[in-house]
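Just below is one structure, and these are the notes that go with it.
Chains as they are written, first to last, in the working numbering: chain A, 1 to 298; chain B, 299 to 596.
What follows is the structure, given as C-alpha cells:
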C-alpha cells in the first residue's frame with residue numbers, strides 16, 4: 001500500500017516546473033481524484049528557489065547518503081557547525097520531516113526535476129523490485145511517450161538522492177527546459193507524469209497492477225566527458241547529430257563531438273548506446289557531456 | 299574607418315558561445331582574412347565565468363552609464379569602497395581598457411551574448427546613424443537569416459551596456475541556448491555573425507558599403523510582464539503558440555499567456571507586435587515575459 005506521498009519541487013532552486021506544480025497545488029489544492037491519498041506538498045530548498053540557483057553551497061540532491069546525513073549533526077548549534085554546508089544542514093532537516101531514511105514515515109517520495117537535455121518526460125527509478133516494475137509499466141501504459149531510466153548500479157539506500165528518504169522514492173526528470181525558465185510543454189508533461197504516478201498509487205492499492213505488460217527502459221551506463229586540452233579547456237562540443245536526440249541510439253562510428261578544429265569525434269563503443277542528459281547545464285562544471293545507457297525490457 | 303575592434307565574450311559568465319569563440323581565437327588566432335584589423339579579444343567577467351553565473355553581485359552589462367562609471371571610484375583603496383559592487387569595480391576597469399566611454403580608443407566594441415529565447419542570430423544596434431545602417435544592411439545581405447534589433451529609445455551614450463565603451467558598439471545576441479550550455483548551432487551562428495561584422499569593417503574601410511539595399515529591422519517597444527497574483531506569484535506561463543516564435547507577429551486577440559487555470563490571456567494591442575526575448579531566463583527575477591517591437595525598414 002502506498003498512502004503517504006511527498007511531492008517535492010525545488011530540490012534544485014532553478015528547476016521551475018516542479019516548483020510551479022507544487023505552488024499551483026498548494027494554491028488550488030491537489031486534484032480531487034487523488035483525495036484518497038495522503039499527499040504532502042514540499043518545496044525542498046526555499047533559499048535556492050529565492051535566489052533562482054541550483055543550490056547555494058553544494059548539490060542538495062547528493063546529500064542523502066547515510067554518511068552525509070550522519071555527518072551533518074543537525075542538532076548542533078550554529079557556532080559549532082564547522083564546515084557543514086547549508087545544503088547538508090537542509091538535508092538533515094528534510095530527512096527528519098520526510099524520512100528518516102531507512103525507517104521512513106513516507107511511503108513514496110516523488111522528487112520533480114527538469115533538465116536542459118531533450119529527455120522528454122522521464123521517470124527515474126533506482127531499483128527493479130516488484131513495485132518499481134509495476135510503476136514503470138503503469139507509467140508507460142498511461143503515458144507511452146515517457147521514458148523509464150533505471151539507475152540501479154548500487155542499492156537504493158546507497159544513493160544520495162532526496163527521494164531515498166522515502167520507503168520508495170523516484171524522480172521525475174523532464175526536458176528540454178533551461179534553468180530558470182518555465183515552458184508550457186515541459187510543465188504540462190511534468191504535471192501529467194505526476195498525476196499518472198498518483199493514479200498508479202491508487203491502482204496499486206486496489207490491486208490493479210498485477211498484469212501490466214513489460215515495457216522498454218534504459219539502464220544507466222557511465223558518464224562520457226568532453227575532450228579537454230592540457231589546460232583543461234574543451235576542444236569540442238556536442239555534435240549537432242546527437243544534440244536534442246536523447247535516448248536515440250548512437251551507433252558505433254557515428255559522431256558524438258564536433259571539434260573546434262572542425263573534425264568529428266565518433267562513438268567508439270562496440271554496441272549502440274542510448275545517450276541521455278546530453279549537454280545538461282548542471283554538469284557543465286564537471287565537463288560531463290552525456291550519460292550512456294542500454295535498452296532493456298522490464 | 300574602423301580599425302581597432304574589441305571582441306568581447308563573458309560579459310555574462312554563463313553565456314557560453316561568446317566565451318568559447320574568444321577562447322578559440324585566443325588559442326588558434328583570429329582567422330587570417332581579418333589580419334588587416336587590430337582586434338583585441340577580451341573576456342569581460344572572469345570571476346563570473348569561473349563561477350558559471352551571469353554575474354556575482356549585479357549585471358555587468360548595466361554598469362556602463364556615465365553615472366555608474368563615475369560613482370565606481372575605481373582609484374579608491376579597497377577599504378573605502380563602501381557599497382560598490384564587484385561588477386561596478388570591473389566596469390570601471392573595463393572602461394579604462396576599452397574606452398573610456400565618450401573618448402574611446404576603440405573604434406568598435408562587439409559584445410557577444412546568448413539567450414534562452416529563440417531569437418536566432420540577432421544584431422542589436424543602439425543608434426541608426428549612417429554607419430549602423432550600413433552595418434545592419436551588410437549583415438542582412440551576408441546573413442539573411444539574421445535579425446536586426448534597434449534599441450534607440452535613448453541616445454547611444456545613455457545606455458549602460460558594455461559595448462558603449464567603444465566609439466561604436468553593438469551586441470550579438472543568439473538563441474535559443476540555455477545558460478551554461480554550448481550548442482553547436484548557436485555557436486556556429488555566433489561565429490558567423492562575428493565574422494560578418496569583421497568583414498563589414500574591412501568593406502567599410504574600402505568604401506564598399508555605400509549602395510546596400512534597405513533591410514528589415516525590429517525597433518524595441520516595451521517589456522511585457524507575467525501576470526501575478528496578490529502574493530506576487532505568477533498566474534500564467536508563456537503560451538505554447540508564442541514560445542520559440544520570437545520575431546513572429548503576435549496578432550491582436552491571439553494568446554500570449556496560458557493561465558494555470560487553463561484560460562488564455564490574449565495580446566490586447568491595436569496592432570500586431572513582434573515579441574522577442576520570449577521566456578528569457580535572465581529576466582526571470584524581473585517577471586519579464588517578453589519584449590515587444592515594431593517591424594521597420596532601415
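Built from N, CA and C at the ideal position, the CB exists for glycine as well.
As the structure is a prediction and not an experimental result, all values here were calculated from the model.
query: So, helix, strand or coil for residue 637 of chain B, using DSSP?; result: For residue 637 of chain B there is no data in the structure shown, the boundaries of chain B being 299 and 596.
query: Mapping DSSP to helix, strand and coil, what is residue 479 of chain B?; result: coil
query: Spell out whether any CB of chain B is found under 9 angstroms from the CB atom of residue 256 of chain A.; result: no
query: Verify the CB distance criterion: does residue 419 of chain B have a CB-CB separation below 9 angstroms to chain A?; result: no
query: For a contact meaning CB atoms closer than 7 angstroms, what does residue 116 of chain A contact in chain E?; result: The structure shown has no chain E; the protein chains it does contain are A and B.
query: Would a C-beta distance cut-off of 9 angstroms place residue 98 of chain A and residue 162 of chain A closer than the cut-off?; result: yes
query: Can you look up residue 399 of chain B in the DSSP assignment and give me helix, strand or coil?; result: coil
query: Would you tell me roughly how many angstroms separate the C-alpha atoms of residue 39 of chain A and residue 52 of chain A, rounded to the nearest one?; result: 26 angstroms
query: Quick check on the DSSP output: the beta strand (DSSP E) that includes residue 137 of chain A runs from which residue to which?; result: Taken as a continuous stretch (DSSP letters only), residue 137 of chain A belongs to no beta strand (DSSP E), being part of the alpha helix (DSSP H) at 130-142.
query: Keeping to the same chain, check which residues put their C-beta closer than 8 angstroms to that of residue 167 of chain A; ignore five residues upstream and five downstream.; result: 104, 106, 107 and 108
query: Do you know how far the Cα of residue 149 of chain A is from the Cα of residue 119 of chain A?; result: 10 angstroms
query: Taking any Cβ of chain B, which residues in the region 231-254 of chain A have a Cβ under 7 angstroms from it, in chain order?; result: 233, 237, 238, 239, 240 and 243
query: Just confirm the distance between the C-beta atoms of residue 384 of chain B and residue 361 of chain B, as a whole number of angstroms; I'd bet it's less than 8 angstroms.; result: Between residue 361 of chain B and residue 384 of chain B the Cβ distance is about 10 angstroms, and since that is not below 8 angstroms, they are no contact.
query: I'd like to confirm the pairing. Which residues does DSSP put opposite residue 113 of chain A in its beta bridges?; result: A:173
query: Relative to the alpha-carbon of residue 270 of chain A, which residue among A:92, A:251 and A:276 has its alpha-carbon at the smallest distance?; result: A:251
query: Can you give the beta carbon distance from residue 91 of chain A to residue 68 of chain A, rounded, assuming they're within the 8 angstroms contact cut?; result: 7 angstroms
query: Mind checking whether residue 409 of chain B and residue 359 of chain B have CB atoms under 9 angstroms apart?; result: yes
query: Of the residues A:12, A:1 and A:33, which one's Cα is nearest the Cα of residue 194 of chain A?; result: A:33
query: For chain A, find out if any of its Cβ atoms is closer than 9 angstroms to the Cβ of residue 303 of chain B; answer yes or no.; result: no
query: For the candidate residues B:449, B:311, B:392 and B:533, whose alpha-carbon lies nearest to that of residue 585 of chain B?; result: B:533
query: On the DSSP bridge assignment, give the partners of residue 124 of chain A in chain order.; result: A:149 and A:171
query: Go ahead and pull the three-state DSSP assignment for residue 553 of chain B.; result: strand
query: Does the beta-carbon distance from residue 239 of chain A to residue 218 of chain A come in below 9 angstroms?; result: no
query: So residue 137 of chain A and residue 255 of chain A are supposed to be a Cβ contact under 8 angstroms. How far apart are they, rounded?; result: Not really, about 35 angstroms apart at Cβ, beyond 8 angstroms.
query: Who pairs with residue 532 of chain B in a beta bridge, going by DSSP?; result: B:526
query: Could you name the residues of the region 279-293 of chain A whose beta carbon sits closer than 7 angstroms to any beta carbon of chain B, in the order they occur along the chain?; result: 279, 281, 284 and 285
query: Taking Cβ positions, are residue 21 of chain A and residue 187 of chain A nearer each other than 9 angstroms?; result: yes
query: If you measure from the beta carbon of residue 308 of chain B to each beta carbon in chain A, is any gap under 9 angstroms?; result: no
query: With 9 angstroms set as the bound, which would you pick, yes or no: does the beta-carbon of residue 187 of chain A sit closer than that to a beta-carbon of chain B?; result: yes
query: Kindly say whether residue 351 of chain B, judged by its beta-carbon, lies nearer than 9 angstroms to any beta-carbon of chain A.; result: yes
query: Excluding sequence positions up to five away, which residues of its chain have a Cβ less than 6 angstroms from the Cβ of residue 535 of chain B?; result: 556
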